[in-house]
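First up is the structure itself, then whatever we jot down about it.
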């Protein structure tokens with residue numbers, strides 16, 4: 060759930076992979092709804108750059124991300140992955156999940172809101188570890 064007008068930053072490879080998953084996962088209940096629609100809109104206006112020019116603090120596929128719940132102060136470490144590699148027990152979240160769509164393309168220090176069953180949570184991206192390519 061993003062209200063900011065700043066375009067997200069995407070590596071070309073990530074852009075292609077995510078667009079592929081969006082195209083071929085359309086209609087799957089677990090990857091449908093407003094979050095996926097919002098991600099599609101974000102991707103259409105994204106700043107797409109070569110992978111080797113990606114800033115290391117921008118969330119991309121296979122990044123490790125530490126976020127803090129602003130209300131509870133609780134921190135979580137996650138990895139943003141493609142839907143086929145998602146495994147909540149290993150804290151690997153799909154880029155097409157609500158939190159994945161909220162994180163992708165934003166950088167360390169960014170504040171975001173994420174809709175959960177109990178309401179809206181506010182998070183801050185504390186740390187981003189770029190994937191090893």
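In the working numbering, the protein residues as written are 60 to 192. All C-beta atoms, glycine included, are put in the ideal place defined by N, C-alpha and C.
Distance between residue j and residue i (C-alpha atoms, nearest Å)
| i | j | result |
| --- | --- | --- |
| residue 113 | residue 107 | 9 Å |
| residue 143 | residue 75 | 16 Å |
| residue 86 | residue 116 | Confidence is the limiting factor: at residue 86 the pLDDT is only 48, short of 50, which leaves the residue's position unreliable, though a coordinate-based value still follows. One C-alpha to the other measures close to 32 Å. |
| residue 134 | residue 128 | 6 Å |
| residue 119 | residue 186 | 13 Å |
Three-way DSSP call (helix, strand, coil) for residue i in this model
| i | result |
| --- | --- |
| residue 120 | coil |
| residue 88 | Below a pLDDT of 50, predicted positions are generally treated as unreliable, and residue 88, at 48, falls in that range; the measurement from the model is reported next regardless. If DSSP states are grouped into helix, strand and coil, residue 88 belongs with the helices. |
| residue 110 | helix |
| residue 161 | helix |
| residue 65 | coil |
Beta-carbon gap between residue i and residue j smaller than 8 Å
| i | j | result |
| --- | --- | --- |
| residue 122 | residue 71 | no |
Bridge partner(s) assigned by DSSP for residue i
| i | result |
| --- | --- |
| residue 138 | 123, 151 |
For this session: Kindly confirm or deny that the region 93 to 102 and the region 133 to 153 touch, where touching means at least three C-beta pairs closer than 8 Å.
Result: No, because fewer than three Cβ pairs between the region 93 to 102 and the region 133 to 153 fall closer than 8 Å, the two stretches do not touch.
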